[in-house]
Amino acid sequence: GAGVSQTPSNKVTEKGKYVELRCDPISGHTALYWYRQSLGQGPEFLIYFQGTGAADDSGLPNDRFFAVRPEGSVSTLKIQRTERGDSAVYLCASSLFPSGELFFGEGSRLTVL
Amino acid sequence: GQQVMQIPQYQHVQEGEDFTTYCNSSTTLSNIQWYKQRPGGHPVFLIQLVKSGEVKKQKRLTFQFGEAKKNSSLHITATQTTDVGTYFCAAYNFNKFYFGSGTKLNVKP
Numbered sequence: 004g005a006g007v008s009q010t011p012s013n014k015v016t017e018k019g020k021y022v023e024l025r026c027d028p029i030s031g032h033t034a035l036y037w038y039r040q041s042l043g044q045g046p047e048f049l050i051y052f053q054g055t056g057a058a059d060d061s062g063l064p065n066d067r068f069f070a071v072r073p074e075g076s077v078s079t080l081k082i083q084r085t086e087r088g089d090s091a092v093y094l095c096a097s098s099l100f101p102s103g104e105l106f107f108g109e110g111s112r113l114t115v116l
Numbered sequence: 058g059q060q061v062m063q064i065p066q067y068q069h070v071q072e073g074e075d076f077t078t079y080c081n082s083s084t085t086l087s088n089i090q091w092y093k094q095r096p097g098g099h100p101v102f103l104i105q106l107v108k109s110g111e112v113k114k115q116k117r118l119t120f121q122f123g124e125a126k127k128n129s130s131l132h133i134t135a136t137q138t139t140d141v142g143t144y145f146c147a148a149y150n151f152n153k154f155y156f157g158s159g160t161k162l163n164v165k166p
């Protein structure tokens, strides 16, 4: 089937606005990760889901960031009151099991003006 | 928290030369993975190493996991222009992958 799908591919928003980024993982993959990648840096861990529950959200920078995965498949990353420092590529990855190969989506590039 | 150091940050080589990137962790790892990210693309899985001292080969690429499971290396023999990109190690511990900062490889034809 298809790989990991992320929408939107690009999002430009103004400081203070709310944004949602969506990730549709590979069917059957129970593990889902969100990472953030700034230019010239490696992916930075945000949150990990095993099934429907957030098994580890220790990477979320602050309480403006929240993510859900209500049915154990699609996940949405929500950012409130966006700041210019939130600008980055947000990568979603899924895996058949927690320590297995990560399959990344193309990412959502967020630009906060 | 978990720290994964990767060196060098950049490497410029002439086509046909060899290339090596190193990854070091402050703690013992469950496993380590390597990814390649082409310019403008997303990370793509290359290999996973699990056992102490493990060595795996993929054509011109050789991957090693240290005896203490705290370091790893990726060696490319006789680089080609298709090897251009950024190579990341990703250390698995405490239910998540910690990525290194990557080594950006440029290959001059």
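Protein chains in written order, with the numbering used here: chain D, 4 to 116; chain F, 58 to 166. Glycine is no exception: its CB is placed at the ideal position from the N, C-alpha and C atoms.
Practice problem: Could you tell me whether the Cβ of Y51(D) comes closer than 8 Å to any Cβ of chain F? | Solution: Within the first sequence, residue 51(D) is the residue found at index 48, counting from 1. Chain F contact via Cβ: present.
Quiz item: Any Cβ of chain F within less than 8 Å of the Cβ of G56(D)?
Solution: Against the first sequence, residue 56(D) aligns to sequence position 53. Contact of G56(D) with chain F is not assigned, every C-beta pair being separated by 8 Å or more.
Exercise. Would you mind sorting G88(D) into buried or exposed? The rule is 16 or more other CB atoms within 10 Å of its CB.
Key: Along the first sequence, read from residue 1 onward, the residue named residue 88(D) stands at position 85. The residue is exposed, with fewer than 16 neighbouring Cβ atoms inside 10 Å.
Exercise. Classify R39(D) as buried or exposed, calling it buried when 16 or more other Cβ atoms lie within 10 Å of its own Cβ.
Key: As a position in the first sequence, residue 39(D) is number 36, starting the count at 1. Buried, since its Cβ has 16 or more Cβ neighbours within 10 Å.
Quiz item: Do K127(F) and T143(F) have their C-beta atoms closer together than 8 Å?
Solution: As a position in the second sequence, residue 127(F) is number 70, starting the count at 1. As a position in the second sequence, residue 143(F) is number 86, starting the count at 1. For the 8 Å CB-CB criterion, K127(F) and T143(F) do not form a contact.
Quiz prompt | Spatial distance of I82(D) from L116(D) (CA atoms) | solution = On the first sequence, position 79 is the one that residue 82(D) refers to. On the first sequence, position 113 is the one that residue 116(D) refers to. One alpha carbon belongs to I82(D), the other to L116(D), and they sit about 15 Å apart.
Quiz prompt | Straight-line gap, E17(D) to R84(D) (C-alpha atoms, nearest Å) | solution = Residue numbering aside, residue 17(D) sits at position 14 when the first sequence is read from its first letter. Residue numbering aside, residue 84(D) sits at position 81 when the first sequence is read from its first letter. Each residue's alpha carbon lies about 9 Å from the other.
Quiz item: If you draw a straight line from the alpha carbon of D5(D) to that of F69(D), how long is it in whole angstroms?
Solution: In the first sequence, counting from the first residue as 1, residue 5(D) sits at position 2. In the first sequence, counting from the first residue as 1, residue 69(D) sits at position 66. Note that residue 5(D) is Ala in the sequence shown here, rather than Asp. Their Cα atoms are separated by approximately 26 Å.
Self-check item: CA nearest to the CA of F106(D), picked from Y21(D), H32(D), P11(D)
Solution: As a first step, residue 106(D) is located in the first sequence; it is residue number 103 there, counting from the start. Just measuring C-alpha positions, the residue of Y21(D), H32(D), P11(D) sitting nearest F106(D) is H32(D).
Practice problem: Determine the contact status of E104(D) and F120(F), defining contact as a CB-CB distance below 8 Å. | Solution: Residue mapping note: residue 104(D) aligns to position 101 of the first sequence, counting from 1. Residue mapping note: residue 120(F) aligns to position 63 of the second sequence, counting from 1. No, they are not a contact pair.
Exercise. Take every Cβ of the stretch 70–77 of chain D, pair it with every Cβ of the stretch 49–59 of chain D, and state whether three or more of those distances are shorter than 8 Å.
Key: Touching, yes, given that three or more Cβ pairs across the two stretches are closer than 8 Å.
Exercise. Verify whether the separation of the beta carbon atoms of V61(F) and Y155(F) is less than 8 Å.
Key: Walking along the second sequence from the start, residue 61(F) turns up at place 4. Walking along the second sequence from the start, residue 155(F) turns up at place 98. Against a cut-off of 8 Å, the Cβ pair of Y155(F) and V61(F) comes out as a contact.
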